[in-house]
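K.L.:
Residue numbers are given in our numbering: position 3 of the sequence shown equals residue 106, and the series is strictly consecutive.
Where a beta carbon is used, it is the ideal one built from N, C-alpha and C, also for glycine.
If you scroll down you'll find the structure; I have some questions about it.
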Amino acid sequence: MPDGHMSDTSRRRFLQVTGGAGVGLMVGFTWTGTSRRAQAAAAAAQAFEPNAFVKVAPDGTVTVLIKHLEMGQGVFTGLTAIVAEEMDADWAQMRAEHAPANAKLYNNTAFGPIQGTGGSTSVYNSWTQLRQAGATARALLVAAAAQTWGVPASDITVSKGVVSSGTHKAGFGELAAKAATLPVPADVPLKDPKNFTLVGTKLPRKDSAEKTTGKAIFAIDVVQPGMLVAVVQRPTRFGAKAQAIDAKAAKAVKGVVEVVEIPRGVAVLATSYWAAHQGREALKVTWDETNAEKRGTDAIVADYKALLPKPGQLVTKEGDVDAVKGAKTLKAEFTFPYLAHAPMEPLTCVVKLGKDGCEIWAGDQFQTIDQMNAAKTAGLKPEQVTIHTVYAGGSFGRRANVESDYIVEGVAIAKALSDAKVQGGKLAGRPVKLIWSREDDIRGGRYRPLYVHGMEAKLGADGSVLAWQHRIVGQSIMAGSPFDQPGKPDATSVEGAAEIPYTIPNRLVDLHTTTSPVPVLWWRSVGSTHTAFAVETFLDELAAEAKQDPVAFRRKLMEKHPRHLAVLNLAVEKAEWTKPLPKGWARGVAVAESFRSVVAHVAEVSQDDKGRIKVERVVCAVDCGIAVTPDVVKAQMEGGIGYGLGAIMYGAITMKDGVVDQSNFDTYRCLRIDEMPKVEVHIVPSANPPTGVGEPGVPPLGPAVANAIAALTGKRIRDLPFAGSVSV
104 MPDGHMSDTS RRRFLQVTGG AGVGLMVGFT WTGTSRRAQA AAAAAQAFEP
154 NAFVKVAPDG TVTVLIKHLE MGQGVFTGLT AIVAEEMDAD WAQMRAEHAP
204 ANAKLYNNTA FGPIQGTGGS TSVYNSWTQL RQAGATARAL LVAAAAQTWG
254 VPASDITVSK GVVSSGTHKA GFGELAAKAA TLPVPADVPL KDPKNFTLVG
304 TKLPRKDSAE KTTGKAIFAI DVVQPGMLVA VVQRPTRFGA KAQAIDAKAA
354 KAVKGVVEVV EIPRGVAVLA TSYWAAHQGR EALKVTWDET NAEKRGTDAI
404 VADYKALLPK PGQLVTKEGD VDAVKGAKTL KAEFTFPYLA HAPMEPLTCV
454 VKLGKDGCEI WAGDQFQTID QMNAAKTAGL KPEQVTIHTV YAGGSFGRRA
504 NVESDYIVEG VAIAKALSDA KVQGGKLAGR PVKLIWSRED DIRGGRYRPL
554 YVHGMEAKLG ADGSVLAWQH RIVGQSIMAG SPFDQPGKPD ATSVEGAAEI
604 PYTIPNRLVD LHTTTSPVPV LWWRSVGSTH TAFAVETFLD ELAAEAKQDP
654 VAFRRKLMEK HPRHLAVLNL AVEKAEWTKP LPKGWARGVA VAESFRSVVA
704 HVAEVSQDDK GRIKVERVVC AVDCGIAVTP DVVKAQMEGG IGYGLGAIMY
754 GAITMKDGVV DQSNFDTYRC LRIDEMPKVE VHIVPSANPP TGVGEPGVPP
804 LGPAVANAIA ALTGKRIRDL PFAGSVSV
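Structure (structure tokens):
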């Protein structure tokens, strides 16, 4: 790609509140969670460094600078819709582009002083911020029209991008230059949700046209003059380091330019990906495995299970589980494997490193953290690192890691080329495109941790749940990260278990945190991926033991959680829970809250004459507050169901003597198109602010299916994936 194709120059101009026919109107303000008046005052005081989101061009187009990564989840559409709604714009005139990496302007208010995407926070943390941005832009345009036409602002209306009063009419672009010269209003009212015309409606996605025509730019599409392509040979065992390197055969491969060692492995650079790949195949590296993980999966699971009888770090304590005597006791153990994220676009970045700065092109999910880690690797200051965020082909959490592994690798390779010992420094400054293959991705770590759960409950004679104990064993995702809270349990290990929507008088949750060289990371819906399964399937076991319908059993325990109860009721109503099914079919239900949203699934499964299980239908109900773009909400629920179903049926990263067994989609199986069930999504009407939708569709899927299988076959599944327990 030519240098100018993704130049940051125009974006920097957008960040300045300025006028002139060539620029139009730029609206900025600082969101601090304080009053709108304070926000406007802060914006005025920082006129040259505002938190700017909206640009109105002379041609009338409105561009929204999106501070979050568009990785397929629909933020270009949802966040743009929020601004368009408050501006009373026409959807056709709206545009979206990634904002530059600048935490002072574009921090994620849910994360703190960093820019990043994750935790299903994009709409949640931007809702008020972007409404204010859109309303402010509208107010400035109205004020410009009032001054131009000599009429009161109260006589002016705005509809579908047209400002009018009597015989006067003007588009946004015609008023932009004048509006840019006016003072930012101190207090701008926001719309009453009952007057929304765009939010809550079906809108064409803003990224679809580019993606379907091939015009969309992903990191793999970025080309720089003189660019080299790099691949890295990494150790087969996590924690190993390069001991000896024989690069002679690799350098003999046509197209290979250089071989350099970096902290994470050995990089082969070439004029093309294929040449680099072939060079890596010829490269010979001896690894020091002194500190490497050498256990296999079975040994790790055995070590974890040995901890189950022992008390762990206290997470939740209500009442006294040990004081409950004479009740019927049920116990269960669950095993959850390591899981790879496996996005369709593996990790890729382009790095251009100079003496005074570094430019990075990537589908970047954690811009601020990546800037810091890249700067440290390059020997620069974070402000000397410029990140150009481009589209990403999925992530599911993989691109958001606090060590910035693939970004750091790219920068480390570029820095190695500047060493005078490498061809006399002749390669210094050459841009580098680092590409991970699918095999690199599957074998490369950053997995959802392996967990073992121990459950115990005590039932009264009337079937009431008197006591509940939940013990979890697994690695910490947060340990050593900026989000770590030393001395406290890792919240990502126990979310979905620490708090549950069921009233039980005596409850205990504790945690054993283990260590291993195997790198772990949040995976789509993080802790709830395993805790929801254990909670919801064990609850079904208790209902069966109490000889009660699983829905009625949940309703009784949910009386103090009306939001969860409403979602459950909607799901079972739409699924016609009590309606008879064909022979060989059964239903299962599960409810889970994650990322401030509540989702319930009712799954229908069938079993054929060969004993094979198939998920036929999933009815989903979701309470995510105001559904800004209902089609996107539905798509995220559908995607979460498909992603979660593939994981529970087949997903597992296993190791033998510390070496990962899987390498591509032939061995790390994902859901196939003919296995996708019919999905119905029902959104609970709400006037509350939006909550997350990117991840909450995943957690209740597994237990709903497992509970349906148990209802159909009598078999309780406690070890994932299902393929090891039933025929699928």
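How would you write the range of the alpha helix (DSSP H) that Lys314 sits in, first residue to last?
P.N.:
Your numbering for residue 314 matches position 211 in the sequence shown. First-last of the alpha helix (DSSP H) with Lys314: Ser311 to Thr316.
K.L.:
DSSP three-state label for Tyr771, please.
P.N.:
For the purposes of this step, residue 771 is identified with residue 668 of the sequence shown, where counting begins at 1. Three-state result, Tyr771: coil.
K.L.:
For Ala373, write down the residues that DSSP places opposite it in a beta bridge.
P.N.:
Mapped onto the sequence shown, residue 373 falls at position 270. Beta-bridge pairing links Ala373 to Val332 and Val359.
K.L.:
Roughly how many angstroms lie between the CA atoms of Val404 and His633, to the nearest whole one?
P.N.:
Taking the sequence shown and counting its residues from 1, one reaches residue 404 at position 301. Taking the sequence shown and counting its residues from 1, one reaches residue 633 at position 530. So the alpha carbons of these two residues sit roughly 15 Å apart.
K.L.:
Buried or exposed: which applies to Gln346, given that a residue is buried once 16 or more other Cβ atoms fall within 10 Å of its Cβ?
P.N.:
As a position in the sequence shown, residue 346 is number 243, starting the count at 1. Gln346 comes out exposed.
K.L.:
From Ser521, Asp473 and Gly422, pick the residue whose C-alpha is nearest to that of Asp459; which is it?
P.N.:
The count along the sequence shown starts at 1 and reaches residue 459 at position 356. It is Ser521 whose Cα lies nearest to the Cα of Asp459.
K.L.:
Would you identify the three-state DSSP class for Asn672, choosing helix, strand or coil?
P.N.:
Against the sequence shown, residue 672 aligns to sequence position 569. If DSSP states are grouped into helix, strand and coil, Asn672 belongs with the helices.
K.L.:
Are there 16 or more other CB atoms within 10 angstroms of the CB of Ser311, so buried, or fewer, so exposed?
P.N.:
Counting from one through the sequence shown, the residue named residue 311 turns up at place 208. Flag for Ser311 reads exposed.
K.L.:
Quickly, what does DSSP pair Tyr554 with across the bridge? List them, please.
P.N.:
Taking the sequence shown and counting its residues from 1, the one referred to as residue 554 is at position 451. Bridge partners of Tyr554: Phe439 and Gly577.
K.L.:
What separation, rounded to the nearest whole angstrom, lies between the Cα atoms of Val186 and Asp734?
P.N.:
The residue labelled residue 186 in the question sits at position 83 within the sequence shown. The residue labelled residue 734 in the question sits at position 631 within the sequence shown. If you take the alpha carbons of Val186 and Asp734, they lie about 18 Å apart.
K.L.:
Taking its Cβ as the centre, do 16 or more other Cβ atoms sit within 10 Å of Phe768, making it buried, or is it exposed?
P.N.:
Position 665 of the sequence shown holds residue 768. Exposed: under 16 other Cβ atoms inside 10 Å.
K.L.:
When you compare each of Ala395, Cys723, Asp777 and Gln416 to Pro338 by their alpha carbons, which one comes out closest?
P.N.:
The sequence position of residue 338 within the sequence shown is 235, counting from 1. Minimum Cα distance to Pro338 is reached at Ala395.
K.L.:
What do you get for Asp643, buried or exposed, if any count of 16 or more other CB atoms within 10 angstroms of its CB means buried?
P.N.:
Within the sequence shown, numbered from 1, the residue matching residue 643 stands at position 540. Asp643 is buried by the Cβ-count criterion.
K.L.:
Confirm, please, whether the CB-CB distance from Met174 to Arg241 is below 8 Å.
P.N.:
Stepping through the sequence shown from its first residue, residue 241 is reached at position 138. Stepping through the sequence shown from its first residue, residue 174 is reached at position 71. Against a cut-off of 8 Å, the Cβ pair of Met174 and Arg241 comes out as no contact.
K.L.:
Looking only at DSSP bridge pairs, what is Arg720 linked to?
P.N.:
Taking the first residue of the sequence shown as 1, we reach residue 720 at position 617. DSSP, once it has assigned bridges, lists Glu707 and Lys781 as partnering Arg720.
K.L.:
Evaluate contact between the segment 325 to 335 and the segment 520 to 539, counting only Cβ atoms and requiring at least three cross-stretch pairs below 8 Å.
P.N.:
Contact holds: three or more Cβ-Cβ distances are below 8 Å.
K.L.:
For the segment 397 to 438, list the beta strand (DSSP E) runs that are entirely contained and at least 3 residues long, ordered along the chain.
P.N.:
You should have 416 to 421.
K.L.:
On a Cα-Cα basis, can you pick out the residue from Ala695, Gly466, Arg690 and Gly548 that is closest to Lys170?
P.N.:
The sequence position of residue 170 within the sequence shown is 67, counting from 1. Minimum Cα distance to Lys170 is reached at Gly466.
K.L.:
Applying the 10 Å Cβ sphere with the 16-neighbour rule, what's the burial state of Asp473?
P.N.:
Here the question's residue 473 lines up with position 370 in the sequence shown. Its Cβ being crowded by 16 or more others within 10 Å, Asp473 is buried.
K.L.:
Could you pull the start and end residues of the beta strand (DSSP E) that His171 belongs to?
P.N.:
Locating residue 171 in the sequence shown gives position 68, where the first residue counts as 1. Here His171 belongs to no beta strand (DSSP E), and DSSP marks it neither H nor E.
K.L.:
Starting from the Cα of Ser619, find the closest Cα among Arg658, Ala322, Gly577 and Cys723 and give me that residue.
P.N.:
Numbered from its first residue, the sequence shown carries residue 619 at position 516. The shortest C-alpha separation from Ser619 is found at Gly577.
K.L.:
Whose C-alpha, out of Asn210, Met752, Ala750 and Gln176, is nearest the C-alpha of Phe156?
P.N.:
In the sequence shown, residue 156 corresponds to position 53, counting from 1. Nearest of Asn210, Met752, Ala750 and Gln176 to Phe156, Cα basis: Asn210.
K.L.:
From Ile516 to Leu442, what distance separates their C-alpha atoms?
P.N.:
As a first step, residue 516 is located in the sequence shown; it is residue number 413 there, counting from the start. As a first step, residue 442 is located in the sequence shown; it is residue number 339 there, counting from the start. So the alpha carbons of these two residues sit roughly 28 Å apart.
K.L.:
Can you tell which of Ala378, Gly527 and Lys561 has the C-alpha that lies nearest to the C-alpha of Val427?
P.N.:
In the sequence shown, the residue the question calls residue 427 occupies position 324. Among Ala378, Gly527 and Lys561, the Cα nearest to that of Val427 belongs to Lys561.
K.L.:
Taking one C-beta from the segment 302 to 310 and one from the segment 725 to 743 each time, how about it: are there three or more such pairs within less than 8 Å?
P.N.:
Short answer: they touch.
K.L.:
Quick one: what's Glu200 bridged to in DSSP?
P.N.:
As a first step, residue 200 must be located in the sequence shown, where it is residue number 97. Answer is Leu168.
K.L.:
Look up Gly749 in the DSSP assignment and say whether it is helix, strand or coil.
P.N.:
Along the sequence shown, read from residue 1 onward, the residue named residue 749 stands at position 646. Reduced to three states, the DSSP call for Gly749 is helix.
K.L.:
Within the same chain, show all residues whose beta-carbon is closer than 6 Å to that of Phe641, passing over the 5 residues directly before and after it, in chain order.
P.N.:
Locating residue 641 in the sequence shown gives position 538, where the first residue counts as 1. So the qualifying residues of the chain are Ala435 and Met558.
K.L.:
DSSP puts Thr617 in a beta bridge; with which residues?
P.N.:
Counted from its first residue, the sequence shown places residue 617 at position 514. In the DSSP output, where bridge partners are listed per residue, Thr617 has Gln578.
K.L.:
Just reading off the alpha helix (DSSP H) that Gln235 is part of, what are its end residues?
P.N.:
Within the sequence shown, the letter at position 132 stands for residue 235. It spans Ser225 to Trp252 - the alpha helix (DSSP H) in which Gln235 sits, taken as one unbroken run.
K.L.:
Would you tell me roughly how many angstroms separate the C-alpha atoms of Thr617 and Leu530, rounded to the nearest one?
P.N.:
Here the question's residue 617 lines up with position 514 in the sequence shown. Here the question's residue 530 lines up with position 427 in the sequence shown. Those two C-alpha atoms are separated by around 43 Å.
K.L.:
I need the DSSP call for Lys518, collapsed to helix, strand or coil.
P.N.:
Translated into the one-based positions of the sequence shown, residue 518 becomes position 415. It is helical.
K.L.:
Which residues in the same chain have their Cβ closer than 6 Å to the Cβ of Tyr605, if we skip the five residues on either side of it in sequence?
P.N.:
Working through the sequence shown from its first residue, we reach residue 605 at position 502. The answer, listed in chain order, is Leu660.
K.L.:
Answer yes or no: do Cys824 and Gly747 have a C-beta to C-beta separation smaller than 8 Å?
P.N.:
In the sequence shown, residue 824 corresponds to position 721, counting from 1. In the sequence shown, residue 747 corresponds to position 644, counting from 1. With the sequence shown as reference, residue 824 is identified as Pro, and Cys is not the correct amino acid for it. No, the pair does not count as a contact, with Cβ atoms beyond the cut-off.
K.L.:
Return the chain-ordered list of same chain residues with a C-beta closer than 7 Å to the C-beta of Lys484, the five sequence neighbours on each side being excluded.
P.N.:
Stepping through the sequence shown from its first residue, residue 484 is reached at position 381. The answer, listed in chain order, is Ala478.
K.L.:
What number of angstroms, rounded off, separates the C-alpha of Val424 from the C-alpha of Ser567?
P.N.:
Residue numbering aside, residue 424 sits at position 321 when the sequence shown is read from its first letter. Residue numbering aside, residue 567 sits at position 464 when the sequence shown is read from its first letter. Cα to Cα, Val424 sits roughly 14 Å from Ser567.
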